[in-house]
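Q: One structure coming up, written as structure tokens, with questions to follow.
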Amino acid sequence: MKKLLSVFAALLLLVACKQTVNSPKDGQDNSPHGTNPPAEEYIYIDESSFLAAQYWGQDAMRGIEGDQVEVDMQFKYVAKDGTGFAAKVKFVTESVDEQFFPKPGDYPLDSTLDAGTLIYGYDPLEGTSDEGSYIQGSLIFDIQGGELVSYDFVKGGYAIVKGTADAAEITFHLISRSGDVLNFVYKGALLIQDYEKKEAERYTMEPQTQSEINLICNECFLETYPDEPNVFSLMLVDSEDNERILKVMCNKVTEGTMVGSYTVGESVSDFEPGMIRHSYGATESDGCYPSFMAYYAGSSIYGYRDVYFVTGGSMTIAAGESDDEIKVNGSFTTYYGSTINVEYTGVPTLRQ
Numbered sequence: 062m063k064k065l066l067s068v069f070a071a072l073l074l075l076v077a078c079k080q081t082v083n084s085p086k087d088g089q090d091n092s093p094h095g096t097n098p099p100a101e102e103y104i105y106i107d108e109s110s111f112l113a114a115q116y117w118g119q120d121a122m123r124g125i126e127g128d129q130v131e132v133d134m135q136f137k138y139v140a141k142d143g144t145g146f147a148a149k150v151k152f153v154t155e156s157v158d159e160q161f162f163p164k165p166g167d168y169p170l171d172s173t174l175d176a177g178t179l180i181y182g183y184d185p186l187e188g189t190s191d192e193g194s195y196i197q198g199s200l201i202f203d204i205q206g207g208e209l210v211s212y213d214f215v216k217g218g219y220a221i222v223k224g225t226a227d228a229a230e231i232t233f234h235l236i237s238r239s240g241d242v243l244n245f246v247y248k249g250a251l252l253i254q255d256y257e258k259k260e261a262e263r264y265t266m267e268p269q270t271q272s273e274i275n276l277i278c279n280e281c282f283l284e285t286y287p288d289e290p291n292v293f294s295l296m297l298v299d300s301e302d303n304e305r306i307l308k309v310m311c312n313k314v315t316e317g318t319m320v321g322s323y324t325v326g327e328s329v330s331d332f333e334p335g336m337i338r339h340s341y342g343a344t345e346s347d348g349c350y351p352s353f354m355a356y357y358a359g360s361s362i363y364g365y366r367d368v369y370f371v372t373g374g375s376m377t378i379a380a381g382e383s384d385d386e387i388k389v390n391g392s393f394t395t396y397y398g399s400t401i402n403v404e405y406t407g408v409p410t411l412r413q
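In the working numbering, the protein residues as written are 62 to 413.
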């Protein structure tokens, strides 16, 4: 938590604040109103209290894919007595304009990562020794004596987006986990920086020299996803080098079984039943999105070794001699034209 607060506090020092009015607590309401509540209930912030905004595309959070893209915005307000707030709000939108401004409309907060929503705040490492080191989603920061002192997760509320990046009007009604309600309106220009990796940058970890790679695998891990019961990933381990693993994410042909024929989608947004995920490449933090082949150290990828990103090909999964056994046979092409052939027969080990 200290690291997170110090980084955000440094950002807060870059700007100054101006006037506003007080904001009383409001009832907890997770749905957009359609019309703005009375002005006296809201803090109004001009452009001097805008901190920063970033367009991430699909690079920032796993699960934002297809036509969905992410835009983050940060604001702050400090009253004359030194009290105030900062807010980091994450939008998922189906489109942005040439200045990366999200599509105007109502954005309720939830956990789906669907387009037209705000991302709720959470800490996947909460309760562990690493708590606070990997915080995600929308957050509210408390300012006392002009300094950032604490944060809380946004668990409810909405935003209403109007205008353009040159003349934006965004109404926020944010509810923290502890039950505090933050109402504010931003009016002014938004400079949204482009943080998305461009296509060529996303695949730089793959060698451009074409090669043919044959994997005869004697081990396979199966990953399932509770929120997507028809989606699974196979992690096929090379029997000659058990650090080299091919990971393919699949959408079941038929519910209840992995058996079937699969083809790689033509683009990252193609993921219908019977498809294998077309690799998006590497993200801003060099995390890799399925499907790809990489070298692993435990559950982590060696970032300094070659990664091959699957962008074409097909695979069949057939039933084996026992109920749990499967037979995998596939041939894939990668972003720079290499070929990966894979074979596996055995019982996958389930990995949640």
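Virtual Cβ for every residue (Gly too), placed ideally from N, Cα, C. On a predicted model such as this, the values are computed, not experimentally measured, just so you know.
So the candidates are G398, G118 and T173; which of them puts its Cα closest to the Cα of Q254?
A: G118
Q: With burial defined as no fewer than 16 other Cβ atoms inside 10 Å of the residue's Cβ, what is the status of G391: buried or exposed?
A: Buried, because 16 or more other Cβ atoms sit within 10 Å of the Cβ of G391.
Q: Could you have a look at E6 and say whether DSSP puts it in helix, strand or coil?
A: Nothing about residue 6 can be reported from this structure: the residues present for the chain run from 62 to 413 only.
Q: As a quick exercise: from T377, G321, Y357 and F293, pick the residue whose alpha carbon is nearest that of C311.
A: F293
Q: Just grab the DSSP bridge partners of L307 for me.
A: L297 and M354
Q: Consult DSSP for E262 and reduce its assignment to one of helix, strand or coil.
A: helix
Q: Three or more C-beta pairs closer than 8 Å, one from the segment 302–318 and one from the segment 136–154: is that the case here?
A: Verdict: no, contact absent.
Q: Three or more beta-carbon pairs under 8 Å between the segment 355–374 and the segment 155–166, yes or no?
A: No, the segment 355–374 is not in contact with the segment 155–166.
Q: Over what stretch of residues does the beta strand (DSSP E) that includes A113 continue unbroken?
A: Unbroken beta strand (DSSP E) run through A113: F111 to G118.
Q: Between which residues of its own chain and Y397 is the CB-CB distance below 6 Å, once the five residues before and five after are set aside?
A: Within the same chain, Y397 has close Cβ partners E267 and Q269.
Q: Is DSSP giving E108 helix, strand or coil here?
A: helix
Q: Report yes if the C-beta distance between Y341 and V329 is below 8 Å; otherwise report no.
A: Cβ distance < 8 Å, so Y341 and V329 count as in contact.
Q: Ends of the beta strand (DSSP E) at S375?
A: Y369 to A380
Q: Pick from T285, M122 and Y323: whose alpha carbon is nearest that of P185?
A: M122
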